[in-house]
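Residue numbers (our numbering): 536 to 690.
Don't be surprised by glycine CBs; every beta carbon is placed ideally from N, CA and C.
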């Protein structure tokens with residue numbers, strides 16, 4: 536048997552609102568648009584289940600969001616993302632913070648109440664720590680990244 540993970544599906548209440556959120560605000564590109572089912576190039580699919588579908592009748596939980604997971608994106612420019620978010624009416628869990636391992640993150644909620652995290656790419660926050668005077672040993676201790684890998688990142 537050849538079983539391979541393909542994508543994650545987010546069940547949404549309104550496909551158009553979710554499409555705007557993921558495509559206009561989070562800048563994700565559409566791979567396929569089948570009306571009530573949209574696959575994004577990042578590997579997420581959005582699906583507004585029709586009322587008549589068996590998932591809607593037997594399984595689909597209509598409560599807002601499942602707080603046991605988050606949808607995670609990375610960026611080269613967390614400030615630009617935060618500025619873009621602030622220009623829209625989006626529920627924010629927290630503004631930009633620096634996590635204990637040095638990465639800056641922001642967490643928001645999508646239109647269906649799912650938690651979305653946006654964080655700096657590893658290379659971005661390693662470089663930021665280095666350019667602000669943090670030693671290689673301190674960066675390694677803080678991030679868990681080996682000194683060898685840090686040296687490759689900072690060039």
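Selection from the options that minimises the alpha carbon distance to residue i
{"i": "residue 652", "options": "677, 610, 588", "result": "610"}
{"i": "residue 550", "options": "683, 673, 634, 645", "result": "645"}
{"i": "residue 486", "options": "571, 642, 572, 606", "result": "In the structure as shown, the chain starts at 536 and stops at 690, and residue 486 therefore has no counterpart that could be examined."}
{"i": "residue 556", "options": "625, 681, 685, 660", "result": "625"}
{"i": "residue 660", "options": "583, 688, 622, 542", "result": "688"}
{"i": "residue 553", "options": "579, 616, 686, 607", "result": "579"}
{"i": "residue 577", "options": "570, 617, 590, 608", "result": "608"}
{"i": "residue 542", "options": "676, 640, 570, 606", "result": "606"}
Alpha-carbon to alpha-carbon, residue j and residue i
{"i": "residue 614", "j": "residue 656", "result": "13 Å"}
{"i": "residue 670", "j": "residue 581", "result": "43 Å"}
{"i": "residue 603", "j": "residue 650", "result": "9 Å"}
{"i": "residue 619", "j": "residue 536", "result": "44 Å"}
{"i": "residue 674", "j": "residue 572", "result": "43 Å"}
{"i": "residue 575", "j": "residue 678", "result": "31 Å"}
{"i": "residue 658", "j": "residue 634", "result": "15 Å"}
{"i": "residue 583", "j": "residue 636", "result": "37 Å"}
Residue(s) in a DSSP beta bridge with residue i
{"i": "residue 654", "result": "609, 640"}
{"i": "residue 582", "result": "546, 572"}
{"i": "residue 567", "result": "574"}
{"i": "residue 632", "result": "640"}
{"i": "residue 627", "result": "643"}
Outcome for residue i when other beta-carbon atoms lying within 10 angstroms are tallied against a minimum of 16
{"i": "residue 544", "result": "exposed"}
{"i": "residue 638", "result": "buried"}
{"i": "residue 647", "result": "buried"}
{"i": "residue 632", "result": "exposed"}
{"i": "residue 621", "result": "exposed"}
{"i": "residue 672", "result": "exposed"}
{"i": "residue 546", "result": "buried"}
{"i": "residue 681", "result": "exposed"}
{"i": "residue 685", "result": "buried"}
{"i": "residue 654", "result": "buried"}
Proximity test, Cβ basis, 8 Å: residue i and chain D
{"i": "residue 612", "result": "The chain labelled as chain D is not found in the depicted structure, where only one protein chain is given."}
Quick one: any contact between the region 662–671 and the region 554–571, if contact means 3 or more CB pairs under 8 Å?
Contact between the region 662–671 and the region 554–571 is absent, because fewer than three Cβ pairs lie under 8 Å.
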